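Okay, so here's the structure we're looking at.
2 protein chains.
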Amino acid sequence: MSTLPPIRIGLLGLGTVGGGTLTVLRRNAALIAARAGRRIEVVCASARDLAKTRKFDTTGIDLYADPMQVVDDPRIDVLVELIGGIEPARTLVLKALANGKHVVTANKALIALHGNEIFEAARSRGLMVAFEAAVAGGIPVIKVMREALAGNDIQWLAGIINGTCNFILSAMCDAGRDFLEVLHEAQRLGYAESDPSFDIDGIDAAHKLTILASLAFGIPLQFDRVYVEGIRNISADDVTYAERLGYRIKHLGIARQQAGGIELRVHPTMVPARAPLANVNGVMNAVMVNADAAGPVVLSGAGAGALPTASSVVADLVDVVRALTTDSENRVPHLAFQPDTMENLTTLDIGEVETAYYLRLLAADEPGVLADVTRILADGHISIEAIMQLEKDACTTNVPVVILTHRVQEKAMNAAIARIQALSSIRAPLNRIRVETLA
Amino acid sequence: MSTLPPIRIGLLGLGTVGGGTLTVLRRNAALIAARAGRRIEVVCASARDLAKTRKFDTTGIDLYADPMQVVDDPRIDVLVELIGGIEPARTLVLKALANGKHVVTANKALIALHGNEIFEAARSRGLMVAFEAAVAGGIPVIKVMREALAGNDIQWLAGIINGTCNFILSAMCDAGRDFLEVLHEAQRLGYAESDPSFDIDGIDAAHKLTILASLAFGIPLQFDRVYVEGIRNISADDVTYAERLGYRIKHLGIARQQAGGIELRVHPTMVPARAPLANVNGVMNAVMVNADAAGPVVLSGAGAGALPTASSVVADLVDVVRALTTDSENRVPHLAFQPDTMENLTTLDIGEVETAYYLRLLAADEPGVLADVTRILADGHISIEAIMQLEKDACTTNVPVVILTHRVQEKAMNAAIARIQALSSIRAPLNRIRVETLA
């Protein structure tokens with residue numbers, strides 16, 4: 083790895099996302115340095131209450147009550163703004179740029195309302211401003227639209243971009259409960275604020291849609307042009323009727339190119355039950371982009387929360403680090419990691435791998451076959467989750483048997499299969515499919 | 083926009099992906115230049131049969147029968163390799179690097195088997211090699227893993243990364259048909275090669291998994307360590323039994339960090355019917371990455387085809403162009419487009435937007451109400467897709483009525499709603515939800 087000095091960060095805000103960012107930067111410090119080519123070091127941070135006990139370690143970080151002290155700290159290369167809201171965030175970010183610092187922010191309201199001004203300030207000084215965490219938390223939708231779809235004419239995009247709304251609508255749909263009841267539960271679980279209007283009236287989603295539409299169509303940020311409608315008027319009846327019609331109700335941000343202009347709108351929307359966005363539930367977010375070459379691309383994942391948002395903040399930091407050191411050693415490395423950090427880790431033989439199994443066998447219709455098979459599995463310490471004996475084959479007297487097992491190492495399963503296959507009552511090669519829950 | 087000269091491209095191969103790439107570069111030339119900061123110009127290309135009639139325009143491009151003439155053309159800045167296979171692709175790419183050219187390739191076999199050698203050749207000369215199109219066509223999984231998840235410790239990934247296998251398994255599942263029957267259909271539709279073994283025996287998926295595992299874990303490319311199993315042994319019965327157990331069968335590439343080492347495996351896998359990957363059907367691809375900070379991120383889209391693959395090739399070209407000109411004007415622009423190319427396009431008022439509608443009304447249980455309502459809709463040229471009259475409210479004599487309309491402009495719907503609301507037989511504010519098929 084390069085011997086460049088670390089990149090030094092000043093952090094505004096030690097709340098949920100600030101704490102998550104510190105946690106990720108420390109926990110994955112070696113991995114991040116191996117990918118970025120330099121270490122990323124937090125030298126100072128601001129917090130409203132310095133005396134507060136925190137669940138994360140701030141050792142070695144200078145803490146200031148006044149955020150301007152972070153912005154003016156001459157040691158920092160990059161300011162990470164995680165306090166949210168318009169002021170003082172706007173003033174602090176503009177001052178950091180005036181001081182020659184790059185900026186990473188998770189602040190969607192700030193970008194949606196003052197991005198044009200902030201980007202101009204950055205551009206005139208040759209500085210970077212990165213804001214992946216401002217939209218859809220840990221889902222890299224900004225990078226995908228800005229870079230991966232750069233060859234496309236984007237026709238439309240639609241996103242579930244507010245986790246609170248999606249949690250409420252999903253719960254109403256699953257349990258047939260009414261809006262207010264679910265809202266109160268969301269507040270208890272911390273998925274909705276005590277004043278939830280910002281989320282459930284659609285303002286937050288409109289901030290994010292403003293940003294996505296600008297990235298898609300090359301138009302300035304213009305929050306005031308977005309039509310906004312929240313979810314207060316959706317009743318349990320609407321959810322039920324939608325389901326009977328084959329639809330689900332989702333709160334979507336939609337931006338679309340039309341002949342006459344660009345649609346910018348946030349509102350509850352009925353979508354067919356089999357549409358990709360219909361099956362994104364709970365606090366998950368998803369964005370679907372319909373692009374002329376790539377076709378429909380769907381990205382889904384955690385739209386909020388400490389660590390997912392931190393994942394995007396750190397990705398932006400790595401982008402900044404790589405761009406600051408664009409000699410050929412420090413560009414985005416071909417295989418994600420800097421070449422001299424690649425490790426030849428052990429790869430497991432398939433025999434060492436553990437999965438659950440589906441087994442299908444064709445057995446003679448005679449007593450004792452199932453007992454023999456289950457005995458062999460028990461001998462191999464393989465436990466059975468389900469067993470189905472199926473209808474007899476019409477032409478023969480053979481019976482198909484299907485077995486679902488719990489997780490077991492492949493070599494143990496192979497040994498059991500060999501013994502089962504050797505039983506005289508087994509009539510055809512056993513078929514085996516590995517089962518993964520992917521969770 | 084900058085006045086830098088265009089970046090000049092030499093293209094190897096004018097088949098499906100080569101043609102798609104030319105089409106996208108020409109059709110979206112202005113958009114691409116607005117995003118990249120420079121124009122991208124194809125100056126020469128090679129094809130096996132120069133006399134062949136092609137569906138795309140090659141005007142102004144020098145065509146060579148010998149690919150080495152493209153590689154040695156002194157005008158080019160970047161070689162785009164789209165011929166596939168190991169040789170002569172490997173020799174041509176290494177020669178291009180020796181000539182000081184950057185390389186963009188869609189060749190998964192070449193990267194999986196010879197990437198270590200190619201990247202070293204590029205690195206020693208300070209050149210870029212980009213290969214987004216090598217995995218999952220138009221889905222930007224390489225960029226996401228290499229850049230967007232750079233802050234994460236990746237625990238595992240699982241992908242539907244071969245469209246032929248997914249098409250066959252999806253069709254077997256939908257129609258209860260047997261493997262060979264569906265394979266022949268896939269061949270007729272052009273979704274499977276006349277010699278399909280490369281796809282259905284899992285080799286192609288194993289090449290892609292090799293690349294993804296390296297990006298995830300910082301290990302060298304090692305195709306020979308991947309356990310590979312195809313889909314020939316899956317029967318219609320297996321698909322049926324899986325469904326009865328609550329599962330779907332998918333052909334997955336899986337890479338996972340375990341205590342003892344890294345699992346690398348490609349095989350048919352049963353996954354719960356509600357898992358995200360279970361519902362990715364047909365020729366679509368999807369990759370699910372489970373990362374310690376971001377959580378589960380799922381990307382899905384078109385995994386193959388001329389234009390989706392071209393989308394990734396062009397994205398790589400834009401990355402190269404932006405990296406070649408990393409003054410502050412030509413970094414990835416904040417809002418995807420170069421600032422002076424942003425347009426203040428018209429944004430549509432919500433009244434101009436066209437959607438379908440769900441209307442819920444509470445009507446007095448008396449004759450003529452439905453006639454009045456449907457008359458008002460007909461007057462507004464609003465056609466009805468479905469109408470449901472529901473059970474009477476227990477405490478009153480009011481009847482809920484739900485109407486699903488076809489698409490209509492919002493202002494026409496608003497006018498109709500105002501008239502409906504004014505009917506004396508309507509008992510409560512009408513509730514209206516917009517309906518989008520997202521297709």
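Same order as they appear, the protein sequences are chains A and B.
Start counting the first sequence at 83; every next residue gets the next number (my numbering).
Start counting the second sequence at 83; every next residue gets the next number (my numbering).
Built from N, CA and C at the ideal position, the CB exists for glycine as well.
Keep in mind that this is a model prediction, so the values were computed, not measured.
### Task
Go ahead and pull the three-state DSSP assignment for residue 516 of chain A.
Note: residue 516 of chain A maps to strand in three-state DSSP.
Query - residue 411 of chain B in three-state terms, based on DSSP - result: Reliability of the predicted coordinates at residue 411 of chain B is poor, the pLDDT of 49 falling under 50, and no value is obtained from them.
Out of A:265, A:426, A:484, A:407, state which residue places its alpha-carbon closest to the alpha-carbon of residue 442 of chain A. Cα-wise, what sits closest to residue 442 of chain A is A:484.
Rounded C-alpha distance that separates residue 269 of chain A from residue 279 of chain A = Straight across, the Cα-Cα distance linking residue 269 of chain A with residue 279 of chain A is about 12 Å.
**Study point:** Other residues of its chain near residue 450 of chain B: CB distance less than 8 Å, five sequence neighbours each side excluded
**Key:** Within the same chain, 507 come within 8 Å of residue 450 of chain B by CB-CB distance, once the 5 residues on both sides are set aside.
When you compare only the Cα positions, how much space is there between residue 396 of chain A and residue 228 of chain B? Distance between the alpha carbons of residue 396 of chain A and residue 228 of chain B: 13 Å.
Have a look at the DSSP bridge pairing and note the partners of residue 247 of chain A. DSSP, once it has assigned bridges, lists no residue as partnering residue 247 of chain A.
- Task: Using alpha carbons as the reference points, say which of A:255, A:304, A:465 lies closest to residue 494 of chain A.
- Result: Looking from the CA of residue 494 of chain A, the closest CA among A:255, A:304, A:465 belongs to A:465.
Straight-line CA distance for residue 460 of chain B to residue 498 of chain B?
-> Those two C-alpha atoms are separated by around 9 Å.
### Task
Mind checking which residues open and close the alpha helix (DSSP H) that includes residue 242 of chain A?
In the DSSP annotation of this structure, residue 242 of chain A is not part of any alpha helix (DSSP H); the continuous beta strand (DSSP E) holding it starts and ends at 236–242.
**Message:** Please classify residue 262 of chain B as buried or exposed, where buried requires at least 16 other C-beta atoms within 10 Å of its C-beta.
**Reply:** Flag for residue 262 of chain B reads exposed.
Open item on the list: Tell me whether the segment 213–220 of chain B and the segment 186–199 of chain B touch, counting them as touching only if at least three CB pairs, one residue from each stretch, are closer than 8 Å.
Closed with: Result yes; three or more Cβ-Cβ pairs closer than 8 Å.
Taking 8 Å as the CB-CB limit, is residue 500 of chain B close to chain A?
It does not; no Cβ of chain A falls within 8 Å.
- May I ask you to verify whether the segment 171–181 of chain B touches the segment 111–118 of chain B, counting CB pairs closer than 8 Å and requiring at least 3? No: fewer than three Cβ pairs fall under 8 Å.
Item to complete: Identify which residue in B:162, B:94, B:307 has its Cα closest to the Cα of residue 146 of chain B.
Response: Taking only the C-alpha atoms, the option nearest residue 146 of chain B is B:94.
Q. Tell me, which residues are paired with residue 128 of chain A by DSSP?
A. Answer by DSSP bridge pairing, in chain order: A:94, A:146.
Quiz item: With burial defined as no fewer than 16 other Cβ atoms inside 10 Å of the residue's Cβ, what is the status of residue 518 of chain A: buried or exposed?
Solution: Under this definition residue 518 of chain A is a buried residue.
Host alpha helix (DSSP H) of residue 292 of chain A (start-end):
First-last of the alpha helix (DSSP H) with residue 292 of chain A: 285–299.
- Message: I'd like to know if the segment 196–204 of chain B and the segment 220–227 of chain B are in contact, where contact means that at least 3 CB-CB pairs between them fall below 8 Å.
- Response: Contact fails: fewer than three Cβ-Cβ distances are below 8 Å.
| Beta-carbon proximity check, residue 339 of chain A vs residue 305 of chain A, cutoff 8 Å | Against a cut-off of 8 Å, the Cβ pair of residue 305 of chain A and residue 339 of chain A comes out as no contact.
| request: Decide yes or no for the touch test of the segment 143–158 of chain B against the segment 115–122 of chain B: beta carbon pairs closer than 8 Å, at least 3 of them. | output: At 8 Å Cβ cutoff, the stretches do not touch.
- [ ] My understanding is that residue 106 of chain A touches residue 233 of chain B, with C-beta atoms under 8 Å, so please give their C-beta distance in whole angstroms.
- [x] About 5 Å separates the beta carbons of residue 106 of chain A and residue 233 of chain B, which is inside the 8 Å limit, making them a contact pair.
*First through last residue of the alpha helix (DSSP H) which encompasses residue 276 of chain B*: That residue, residue 276 of chain B, is in no alpha helix (DSSP H); it is neither H nor E in DSSP.
Per-residue burial, residue 236 of chain B [other beta carbons within 10 Å of its own, 16 or more giving buried]
Residue 236 of chain B counts as buried, since no fewer than 16 other beta carbons sit within 10 angstroms of its beta carbon.
Problem set entry | Presumed contact (8 Å Cβ cut-off) between residue 434 of chain B and residue 491 of chain B, rounded CB distance | About 6 Å separates the Cβ atoms of residue 434 of chain B and residue 491 of chain B, confirming a contact at the 8 Å cut-off.
- Item | Entirely enclosed beta strand (DSSP E) segments - the segment 473–512 of chain A, minimum 3 residues | The segment 473–512 of chain A contains, as complete beta strand (DSSP E) runs of 3+ residues, the segments 480–487 (chain order).
Report the three-state DSSP secondary structure of residue 333 of chain B (helix, strand or coil). Strand at residue 333 of chain B.
Discussion item. For chain A, check one thing: does any of its Cβ atoms lie closer than 8 Å to the Cβ of residue 254 of chain B?
Written reply: Not closer than 8 Å to any Cβ of chain A, the Cβ of residue 254 of chain B fails to qualify, so no.
Next item on the list: Show which residues of chain A have a CB atom less than 7 Å away from the CB atom of residue 299 of chain B.
Entry: Chain A residues near residue 299 of chain B: 427.
Listed by chain order, chain B residues near residue 340 of chain A by CB distance under 7 Å: Within chain B, the residues near residue 340 of chain A are 430.
Checklist entry - Going along the chain, which residues of the segment 453–485 of chain B sit with their C-beta nearer than 8 Å to a C-beta in chain A? => result Within the segment 453–485 of chain B, the residues whose Cβ lies closer than 8 Å to some Cβ of chain A are 468, 470, 472, 482, 484, listed in chain order.
| alpha helix (DSSP H) segments (min. 4 residues) lying fully within the segment 152–205 of chain A | Whole alpha helix (DSSP H) segments, 4+ residues: 171–180.
### Query
Nearest chain B C-beta to residue 434 of chain A closer than 8 Å, yes or no?
For residue 434 of chain A, the nearest beta carbon of chain B is closer than 8 Å to its own beta carbon.
Scan the segment 322–400 of chain B and note each continuous alpha helix (DSSP H) run of 4 residues or more that stays entirely inside, going in chain order. Taken in chain order, the whole alpha helix (DSSP H) runs of length 4 or more contained in the segment 322–400 of chain B number zero.
What residue does the alpha helix (DSSP H) around residue 270 of chain A start on, and which one ends it?
Unbroken alpha helix (DSSP H) run through residue 270 of chain A: 261–271.
Going by Cα to Cα distance, which pick from B:137, B:364, B:120, B:276 is closest to residue 245 of chain B? Nearest Cα to residue 245 of chain B within the set B:137, B:364, B:120, B:276: B:364.
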